[in-house]
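In the working numbering, the protein residues as written are 191 to 750. Just so it is clear, CB atoms sit at the ideal spot from N, CA and C, and this is done for glycine as well.
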C-alpha cells in the first residue's frame, strides 16, 4: 500500500480517504490501515489535495467534520467518567469514618494516661470512652448506629430510583451531595457540642442514609446514557474503583484525627462532599443530546437473535465491541423523550430478580467488612486505631483489582453470572483462611486482605455497574434508557437490605466470637452463589450453542 496513489484508496475501500480521516482511523486502530504505511499515505495525500475535484473536496470536508465530532464525543465521555468517578468517591468517603472512629468510641482506657484534672476514679477503665458507647453493650449500640444508616439507605433506594428517572440528574445529585455533606458534618459536630445521646447519632445516620440514595442510581444512569454495551464491563469495572478509592480516602482522612478530635474525621469529608455537590451542579452533563451528540447504541445487530440470561440481546461471542465504537458521531436533531418505566415493569426484565437477590447476600458480606474490619483488626491483631484503619484499606485495594478483573473477564466471555459465581465460590474458603491464619503475621495479613477484597468486592462491583446498566438498557425496553435509574435502584436497594443486615448481625454475633461472624459471612457468600445457578446454566448453554455454530462453519469451509 505504501507506493499506491490516493486514487487507489477508492477501488479498495469504496471511497476516497482524506487526511483527517487517516488520523481518525489510525487513532482507533482500524484494520483498514496498515499502521506502518500511515505516515507515507498521509504524505501522499497532503501533496495531492490540491488536485481533487470539488466533490472530492466536499467528501474530505465531511470526513474532517466527522473526525472532529468523534473526538468531541470521546472528550465528553472521558469528562463524564471522571466527574462521576469523583462524585461517588465523595459519597463513599463520607460513609467510611464511622468504621474508623468505632475503635475510638470504646477502647481499653487502662492503657492510657488519665488526665490529672479528670473527675474519673483511678480504677475507671471507661473514662476515655464516649458515652453512650462506654458500656458493655457498646457493640450492639454501634451496630444500631450502622443499621440506622443502612436501613434508611435500603428503604430510600427503592424510592430514589423512581425520582431519579423523573427529575434532572444534575439537580438531584447536587442536592443529595450537599445534604450528605451536611449530615456527615453534623455527626462530627456531636463531638464539639459534647452530645452523648444515642438518638442524636441514630437520627443523623437515618437522614444521611436517605440522602445518600441520590448517588448511585444517578451516576449509573448518567454513565449508561453515554456508553453503549461494548466493553461496558471493563469500563465500569475501572470506573467502579471509586467505591474503594472513596473508602481508602475516608479511612486515611478519618485516621488523621481519630485519636485526637474525632469529630473532624466526619467534618472534613462532609465539607469535601458538599463542595463536590457544587461542582456537580455547575458541570454535570446528563445526556449526549445536551451537547449535540447522539446517544450510544445499546444493542448490535446480532442481539436480535440471541438468548442470554441477563441480556437476551447478547451472545457469548458476538458483537462485543459494537456499541461503544459504532456511535462516534453527533447530531443536532431532537429526539422524543421516552416515558419512565414503572417499578413492576422493571422487575419483569429478565435477570433483575436473580441479580438483586444475589447482591443482597454479596453486599451483606462486603458491608460487614466495610464497617467491622477495622474493629476486628483492632481486637484480634491488637493494632492501634489508626493502624487498624490504615491496614483495612488493603481490602479496598483488592476491591479495585477485583472489580476491574470481573469486568474484563465478563466482557471477554460475556458471562456476567458465571464470572460472579466463580469469584463467590473462591471467596468462601479465602475468608475462612483469613480468619484462621490471616493474623499470624503482617505479610500474611496484607496478602489475604487484598485477595479477600478482590473476591468479595469483584461480584458486588460487577452487579452494581455493568449488570445494572445491561439490564437497564435491555432489548425488551426497545431502546428506552429511562429504565436505568429504576433498575439500578431495585438491584442496589435489594443489595442494601443485605448491607443493613450484615453489620447488624455482626454486632449481635461478635460477642459470641469472631469465628461465628466469619461463618455467617461464608454462608451468605454461598447463598449468593446458589441464586445465580439458573443464569449460569443458561450462559453455559449459550456458549455451547455458539461453539457448535463455530465448529459447523469451520467444517463447511474445509469440506466444500
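Among the candidates 403, 448, 351, 543, whose CA atom is the shortest distance from the CA of residue 289? Numbered from its first residue, the chain shown carries residue 289 at position 99. The option with the nearest alpha carbon to residue 289 is 448.
Secondary structure at residue 634, three-state DSSP: helix, strand or coil?
-> Position 444 of the chain shown, counted from the start, is the residue given in the question as residue 634. Residue 634: helix per DSSP, three-state reduction.
- Query: Shortest alpha-carbon distance to residue 687 belongs to which of 271, 344, 350?
  - Reply: As a first step, residue 687 is located in the chain shown; it is residue number 497 there, counting from the start. The shortest Cα separation from residue 687 among 271, 344, 350 belongs to 344.
> Which residue comes first and which comes last in the alpha helix (DSSP H) that contains residue 773?
Replying inline: The structure shown does not extend to residue 773, since the chain spans only 191 to 750, so no value can be given for it.
Inset, instruction - Hey, could you find the ends of the alpha helix (DSSP H) residue 477 is sitting in? - result: On the chain shown, residue 477 is found 287 positions in, with the first residue counted as 1. Looking at the DSSP string, residue 477 is not in any alpha helix (DSSP H), and its letter there is neither H nor E.
- Helix, strand or coil: how does DSSP classify residue 448 here? In the chain shown, residue 448 corresponds to position 258, counting from 1. Of the three classes helix, strand and coil, the one that applies to residue 448 here is coil, per DSSP.
How many whole angstroms separate the CB atoms of residue 286 and residue 697, which I take to be in contact at a CB cut-off of 8 Å? Here residue 286 refers to the residue found at position 96 of the chain shown. Here residue 697 refers to the residue found at position 507 of the chain shown. Contact doesn't hold; Cβ gap of about 18 Å is too wide.
### Range covered by the alpha helix (DSSP H) that runs through residue 368
Mapped onto the chain shown, residue 368 falls at position 178. Looking at the DSSP string, the run of the alpha helix (DSSP H) that includes residue 368 is 359–382.
Item to check | Candidates 711, 710, 412: closest to residue 275 by CA position | outcome: Here the question's residue 275 lines up with position 85 in the chain shown. It is 412 whose Cα lies nearest to the Cα of residue 275.
query = Which one of 595, 594, 592, 568 has the shortest CA to CA distance from residue 582?
reply = For the purposes of this step, residue 582 is taken as residue 392 along the chain shown, with counting starting at 1. Residue 582 has its Cα closest to that of 568, out of 595, 594, 592, 568.
> residue 282 by DSSP, collapsed to three states: which one?
Replying inline: In the chain shown, residue 282 corresponds to position 92, counting from 1. Here residue 282 sits in helix by DSSP.
Check: What are the start and end residues of the alpha helix (DSSP H) that includes residue 657?
Finding: As a first step, residue 657 must be located in the chain shown, where it is residue number 467. First-last for residue 657: undefined, no H or E at that position.
Secondary structure at residue 194, three-state DSSP: helix, strand or coil? Numbered from 1 along the chain shown, position 4 holds the residue referred to as residue 194. Confidence is the limiting factor: at residue 194 the pLDDT is only 44, short of 50, which leaves the residue's position unreliable, though a coordinate-based value still follows. DSSP places residue 194 in coil when its eight states are reduced to three.
Beta carbon of residue 682 nearer than 8 Å to that of residue 434: Indexing the chain shown from 1 puts residue 682 at position 492. Indexing the chain shown from 1 puts residue 434 at position 244. A distance of 8 Å or more separates the beta carbons of residue 682 and residue 434.
Exercise. Indicate the three-state DSSP secondary structure (helix, strand or coil) for residue 320 in the structure shown.
Key: Here the question's residue 320 lines up with position 130 in the chain shown. Of the three classes helix, strand and coil, the one that applies to residue 320 here is coil, per DSSP.
Give every residue of the same chain whose Cβ lies closer than 7 Å to the Cβ of residue 550, excluding the five residues on either side of it in the sequence, and list them in chain order.
Within the chain shown, the letter at position 360 stands for residue 550. Hits under 7 Å: 684, 685, 687, 688.
* Excluding the 5 residues preceding and the 5 following residue 270 in the sequence, name in chain order all residues of the same chain whose CB lies nearer than 6 Å to its CB. => Position 80 of the chain shown holds residue 270. Closer than 6 Å at the Cβ level, and outside the excluded window around residue 270, lie 416.
**Item:** Start-to-end residues for the alpha helix (DSSP H) that takes in residue 713
**Value:** Counting from 1 along the chain shown, the entry for residue 713 is found at position 523. Per DSSP, residue 713 belongs to the alpha helix (DSSP H) from 704–720.
If you reduce the DSSP assignment to three classes, tell me which class residue 262 lands in.
Your numbering for residue 262 matches position 72 in the chain shown. In the structure shown, residue 262 falls within a helical segment according to DSSP collapsed to helix, strand and coil.
Contacting residues, own chain, Cβ-Cβ under 6 Å from residue 552 (five flanking each side not counted):
Numbered from its first residue, the chain shown carries residue 552 at position 362. Excluding residues within five positions, the ones whose Cβ falls inside 6 Å are 649, 650, 718.
| In chain order, what residues of the same chain lie with their CB nearer than 6 Å to the CB of residue 691, ignoring the 5 residues before and after it? | Reading the chain shown from its first residue, position 501 is the one you call residue 691. Cβ within range, chain order: 554.
Short Cβ contact (8 Å threshold) for residue 410 with residue 338: Numbered from its first residue, the chain shown carries residue 410 at position 220. Numbered from its first residue, the chain shown carries residue 338 at position 148. Taking 8 Å as the Cβ cut-off, residue 410 and residue 338 do not qualify as a contacting pair.
Residues in the same chain with beta-carbon distance under 6 Å from residue 561, minus the five sequence neighbours each way, listed in chain order, please. Along the chain shown, one-based indexing puts residue 561 at 371. Only 289, 336, 693 meet the Cβ criterion.
Quiz item: Is it true that the CB of residue 390 sits closer than 8 Å to the CB of residue 451?
Solution: Numbered from 1 along the chain shown, position 261 holds the residue referred to as residue 451. Numbered from 1 along the chain shown, position 200 holds the residue referred to as residue 390. No, these two residues do not count as a Cβ contact at 8 Å.
key: Extent of the continuous alpha helix (DSSP H) run through residue 289   = Position 99 of the chain shown, counting from 1, holds the residue named residue 289. Judged by DSSP secondary structure, residue 289 falls within the alpha helix (DSSP H) whose first and last residues are 287–295.
Only counting the same chain, and skipping five residues up and downstream in sequence, which positions put a Cβ closer than 6 Å to that of residue 608? Indexing the chain shown from 1 puts residue 608 at position 418. If we look at residue 608 and ignore the five residues flanking it on each side, its Cβ neighbours are 726, 729.
Notebook entry, point to check: What runs of the alpha helix (DSSP H), each 4 residues or longer, lie entirely inside the segment 392–442?
Noted result: 405–416, 422–429
Whole-angstrom C-beta distance between residue 541 and residue 427, which should lie under 8 Å | Counting from one through the chain shown, the residue named residue 427 turns up at place 237. Counting from one through the chain shown, the residue named residue 541 turns up at place 351. That belief does not hold up - the Cβ atoms of residue 427 and residue 541 are roughly 19 Å apart, past 8 Å.
For this session: Look at residue 346 and residue 656 and say whether their C-beta atoms are less than 8 Å apart.
Result: Start at 1 with the first residue of the chain shown, and residue 346 comes out as number 156. Start at 1 with the first residue of the chain shown, and residue 656 comes out as number 466. No. Outside cutoff.
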